[in-house]
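Asker:
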Amino acid sequence: MGPVTAGVLQLLALVGALALAHIPLGSYMARVYSSQRHLRGEKWIYRGIGADPDTEMTWPAYLRGVLAFSAVGVLFLYLLQRLQGVLPGSLHFASVDPAQSFNTAVSFVTNTNWQSYYGEQTMGHVVQTAGLAVQNFVSAAVGMAVAVALVRGFGGSRTGELGNFWSDLVRGTVRILLPLAAVAAVVLVARGALQNFSGIHEVGRFMGGSQQFNGGAVASQEAIKELGTNGGGYFNANSAHPFENPTPFTNLLEIFLILVIPFSLTRTFGLMVGSVRQGYAVLAAMATIWLGFVALMMWTEFAHHGPALQAAGAAMEGKEVRFGVGGSSIFAVSTTLTSTGAVDSFHSSFTGLGGGLTLLGMMLGEIAPGGVGSGLYGMLIMAVIAVFIAGLMVGRTPEYLGRKIGAREMKLAAAYLLVTPALVLVFTAASMALPTPGHSMLNPGAHGFSEVLYAFTSAANNNGSAFAGLNANTDWYNTTTGLAMLLGRFLPMVFVLALAGSLAGQRPVPVSAGTLRTDKPLFTGLLVGAVLIITGLTYFPALALGPLAEGLA
Numbered sequence: 000m001g002p003v004t005a006g007v008l009q010l011l012a013l014v015g016a017l018a019l020a021h022i023p024l025g026s027y028m029a030r031v032y033s034s035q036r037h038l039r040g041e042k043w044i045y046r047g048i049g050a051d052p053d054t055e056m057t058w059p060a061y062l063r064g065v066l067a068f069s070a071v072g073v074l075f076l077y078l079l080q081r082l083q084g085v086l087p088g089s090l091h092f093a094s095v096d097p098a099q100s101f102n103t104a105v106s107f108v109t110n111t112n113w114q115s116y117y118g119e120q121t122m123g124h125v126v127q128t129a130g131l132a133v134q135n136f137v138s139a140a141v142g143m144a145v146a147v148a149l150v151r152g153f154g155g156s157r158t159g160e161l162g163n164f165w166s167d168l169v170r171g172t173v174r175i176l177l178p179l180a181a182v183a184a185v186v187l188v189a190r191g192a193l194q195n196f197s198g199i200h201e202v203g204r205f206m207g208g209s210q211q212f213n214g215g216a217v218a219s220q221e222a223i224k225e226l227g228t229n230g231g232g233y234f235n236a237n238s239a240h241p242f243e244n245p246t247p248f249t250n251l252l253e254i255f256l257i258l259v260i261p262f263s264l265t266r267t268f269g270l271m272v273g274s275v276r277q278g279y280a281v282l283a284a285m286a287t288i289w290l291g292f293v294a295l296m297m298w299t300e301f302a303h304h305g306p307a308l309q310a311a312g313a314a315m316e317g318k319e320v321r322f323g324v325g326g327s328s329i330f331a332v333s334t335t336l337t338s339t340g341a342v343d344s345f346h347s348s349f350t351g352l353g354g355g356l357t358l359l360g361m362m363l364g365e366i367a368p369g370g371v372g373s374g375l376y377g378m379l380i381m382a383v384i385a386v387f388i389a390g391l392m393v394g395r396t397p398e399y400l401g402r403k404i405g406a407r408e409m410k411l412a413a414a415y416l417l418v419t420p421a422l423v424l425v426f427t428a429a430s431m432a433l434p435t436p437g438h439s440m441l442n443p444g445a446h447g448f449s450e451v452l453y454a455f456t457s458a459a460n461n462n463g464s465a466f467a468g469l470n471a472n473t474d475w476y477n478t479t480t481g482l483a484m485l486l487g488r489f490l491p492m493v494f495v496l497a498l499a500g501s502l503a504g505q506r507p508v509p510v511s512a513g514t515l516r517t518d519k520p521l522f523t524g525l526l527v528g529a530v531l532i533i534t535g536l537t538y539f540p541a542l543a544l545g546p547l548a549e550g551l552a
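Reminder that position 418 of the sequence shown reads as 417 in numbering that gives the first Met the number 0, one-by-one numbering, no gaps.
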């Protein structure tokens, strides 16, 4: 079997698995977030945190819950790292320095999981399991909660209420993420992933030295890092490491875990607004972009030039031979079109245009299908923009799901779209203009610029993957990427929740003969076009200086 055929078969198997999971998982999540019943364990959690899960919240109250919970998470994780040297199970690792502790705490709380350190040489068992793994669950649950709040905004009836943040947070963690991650972890262990709390082992002696590795609860963290679109690896090599991702089967399973909740949330959306067809329209837009990116990535990586690449059969530099070009291409597209950031290959070693596709996937806002929760609310923001454009074309007041899209709604949607590009481009420009940050670039020219652009694109979009050529463990990059992650996560959430509150306070508009049908293929095409043109062109000058210049050289 040729490598191209193998890649296509993997893609078909993945699409089939996602299709099988879409209806049951999407319907289950809709029942979870619509239920009036609290499980016994959930009631204990509510008592412990002093929350009333039955109190309806307006958008400012919901936002205060999101920000307060996230602030406590940053503080706890920062202190845990600073105290690592005196904690049991630290594997004798020293406490993490302040700049890196800040960066890592912000990274995991914002669902970014950007890592400027070697995981197996920096973090002990306590920080990995009680700190990083816990944030993998709750940061994903926060994103899902904000998405559900926006969905309730479309389905509300002049109350302005969006549900209860604490209830949505706990249910998303306990009823959705925990059981799915537990099953996935068992499968990963069965297929060879590591799961223990052993110390540091020394293996093999060669050329006067030896190799060391440490164990850890790898499979359980690997499961939620993919399922929650987090991405931070237990080991520096991330999902290219055989302890995290041993076989081609586990590689395909991890891609499935990355995509299954974001794609299934479109059905949850359709059920909660009372029209499954609306969910299918959003799903079709996401799937079109994702499949297009996968096809382009495979083409760029298989369409090799030069004798070395022809001898290898493809652009194999930086890729695991266990997974090949096909598996690596699907993983790279899936991890950058979502907010995952896990990698099973080095994106810096992709062809110039292939590396550009990973960048562009993040620059689109990671909405195809996007991160857990963040992908859905990002695509719904783009749907609001698309409806507004259609309204301008036909001279009607824009409407979406029975809600008028007026000046206030458009200002909030536009602010959402502008935040991330501003962060990416300003921080990239500052890093290129100042003398010291440039020393972190491994490569000169267009590729070196792509390394810096990729870093801030990854941070501001809460992706977390790296181009693998930039030394980001400096005070400048730890601080600036930390700020980009914080602002890139929570400023958009402010605009999303404000938009949800504005929509929830409206009287529903009855459907008329002139209402744009947003559950038809025509709207799906308009939505895809809006995504590619509005967000893609924002970054075109920067892409032209980096991956496009390199790819056309």
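Every residue, glycine too, gets a C-beta built ideally from N, C-alpha and C.
Could you give the first and the last residue of the continuous alpha helix (DSSP H) run that contains Pro-2?
Answerer: Run containing Pro-2: 2–33, per the alpha helix (DSSP H) assignment.
Asker: For Asp-51, does the count of other Cβ atoms within 10 angstroms reach 16, so buried, or fall short, so exposed?
Answerer: With fewer than 16 Cβ atoms within 10 Å of its Cβ, Asp-51 is classed as exposed.
Asker: Taking the alpha-carbon positions, what's the Phe-212 to Gln-114 distance?
Answerer: Between Phe-212 and Gln-114, the C-alpha separation is close to 19 Å.
Asker: Buried or exposed: Tyr-453, going by 16 or more other Cβ atoms within 10 Å of its Cβ?
Answerer: Buried, because 16 or more other Cβ atoms sit within 10 Å of the Cβ of Tyr-453.
Asker: Which two residues bound the contiguous alpha helix (DSSP H) that contains Lys-224?
Answerer: Note, Lys-224: alpha helix (DSSP H), 217–226.
Asker: Would Thr-357 and Ile-257 be called neighbours here (beta carbons separated by less than 9 Å)?
Answerer: No, the pair does not count as a contact, with Cβ atoms beyond the cut-off.
Asker: Tell me whether Ala-302, by its Cβ, gets closer than 8 Å to a heavy atom of the ligand GTP.
Answerer: Absence of the ligand GTP from the depicted structure is noted, as is the absence of any ligand whatsoever, leaving it without description.
Asker: If you count every other CB in all the chains shown that lies within 10 Å of the CB of Glu-300, and 16 or more means buried, which is it?
Answerer: The residue is buried, with at least 16 neighbouring Cβ atoms inside 10 Å.
Asker: Determine the direct distance from the alpha carbon of Thr-537 to that of Ser-439, and round the result to whole angstroms.
Answerer: So the alpha carbons of these two residues sit roughly 26 Å apart.
Asker: Out of Met-361, Leu-352, Gly-215, Phe-494, point me to the one whose CA is closest to Thr-334's CA.
Answerer: The shortest Cα separation from Thr-334 among Met-361, Leu-352, Gly-215, Phe-494 belongs to Met-361.
Asker: Under the assumption that Thr-575 contacts Asn-235 (Cβ atoms under 8 Å), give the Cβ distance between them as a whole number of angstroms.
Answerer: With the chain covering only 0 through 552, there is no way to say anything about residue 575.
Asker: Going straight from the alpha carbon of Asp-53 to that of Ala-20, what length do you get?
Answerer: Between Asp-53 and Ala-20, the C-alpha separation is close to 30 Å.
Asker: Is it true that the stretch 166–186 meets the stretch 219–236, where meeting means three or more beta-carbon pairs spaced less than 8 Å apart?
Answerer: A contact exists between the stretch 166–186 and the stretch 219–236.
Asker: Residues in its own chain within less than 6 Å of Asn-112 by CB, not counting five upstream and five downstream?
Answerer: Only Ser-106, Asn-229, Gly-230, Gly-231, Gly-340, Gly-463 meet the Cβ criterion.
Asker: Ignore the nearest five residues each way along the sequence and tell me which others in Ser-94's own chain have a CB closer than 6 Å to its CB.
Answerer: So the qualifying residues of the chain are Arg-81, Gln-83, Gly-84.
Asker: Tell me where the alpha helix (DSSP H) around Pro-87 begins and ends.
Answerer: That residue, Pro-87, is in no alpha helix (DSSP H); it is neither H nor E in DSSP.
Asker: What is the DSSP secondary structure of Phe-637, reduced to helix, strand or coil?
Answerer: Coverage of the chain is limited to positions 0 through 552, which leaves residue 637 absent and any answer about it impossible.
Asker: From the DSSP output, which residues share a beta bridge with Thr-57?
Answerer: Paired residues: Glu-160.
Asker: Considering Cα atoms alone, identify which of Ser-344, Val-527, Val-259 is closest to Met-285.
Answerer: Taking only the C-alpha atoms, the option nearest Met-285 is Val-527.
Asker: Looking at C-beta atoms only, is the number of pairs between the stretch 509–526 and the stretch 135–151 that lie closer than 8 Å three or more?
Answerer: The answer is no - the stretch 135–151 does not touch the stretch 509–526, with fewer than three Cβ pairs under 8 Å.
Asker: Please confirm whether Gly-351 and Ala-471 have their CB atoms less than 9 Å apart.
Answerer: For Gly-351 and Ala-471, no; Cβs fall outside 9 Å.
Asker: Comparing alpha-carbon positions, which option in Val-451, Val-493, Pro-420 lies nearest Phe-539?
Answerer: Closest option to Phe-539, Cα to Cα, is Pro-420.
Asker: Cα-Cα, which of Leu-482, Leu-544, Thr-57, Arg-407 is closest to Ala-98?
Answerer: If we check each option's Cα against that of Ala-98, Leu-482 comes out closest.
Asker: Is the CB-CB distance between Val-451 and Pro-436 below 9 Å?
Answerer: Contact flag set, yes.
Asker: Closer than 8 Å is the cut-off here; do at least three beta carbon pairs connect the stretch 150–163 with the stretch 491–508?
Answerer: Result yes; three or more Cβ-Cβ pairs closer than 8 Å.
Asker: With distances taken from CA atoms, which of Ala-294, Glu-160, Ala-414 is nearest Val-3?
Answerer: Measuring from the Cα of Val-3, the nearest candidate turns out to be Ala-294.
Asker: Rounded C-beta distance between Gly-364 and Asn-110? I'm assuming under 8 Å.
Answerer: Not really, about 14 Å apart at Cβ, beyond 8 Å.
Asker: Secondary structure at Met-484, three-state DSSP: helix, strand or coil?
Answerer: Reduced to three states, the DSSP call for Met-484 is helix.
Asker: Hey, could you find the ends of the alpha helix (DSSP H) Phe-107 is sitting in?
Answerer: Unbroken alpha helix (DSSP H) run through Phe-107: 97–108.
Asker: Can you give me the C-alpha to C-alpha distance between Ser-100 and Leu-76, rounded to a whole angstrom?
Answerer: Taking the straight line from one Cα to the other gives about 8 Å.
Asker: Would you please state the rounded distance, in angstroms, between the beta carbons of Val-508 and Arg-402? I believe it to be under 8 Å.
Answerer: Yes, they are in contact, since the Cβ atoms of Val-508 and Arg-402 sit about 7 Å apart, within 8 Å.
Asker: Which residues does DSSP list as the beta-bridge partners of Glu-253?
Answerer: BP columns for Glu-253 are empty, so no partner.
Asker: Within 10 angstroms of its Cβ, does Phe-242 collect 16 or more other Cβ (buried), or is it exposed?
Answerer: Phe-242 should be labelled buried.
Asker: Using DSSP's beta-bridge definition, name the partner residues of Leu-469.
Answerer: In the DSSP output, where bridge partners are listed per residue, Leu-469 has Met-440.
Asker: Helix, strand or coil for Arg-402, going by three-state DSSP, please let me know.
Answerer: The answer is strand: DSSP assigns Arg-402 an E or B state.
Asker: Would you grab the beta carbon distance between Ala-559 and Val-259 for me? Rounded to a whole angstrom, and I think it's under 8 Å.
Answerer: Nothing about residue 559 can be read from this structure; the chain reaches only from 0 to 552.
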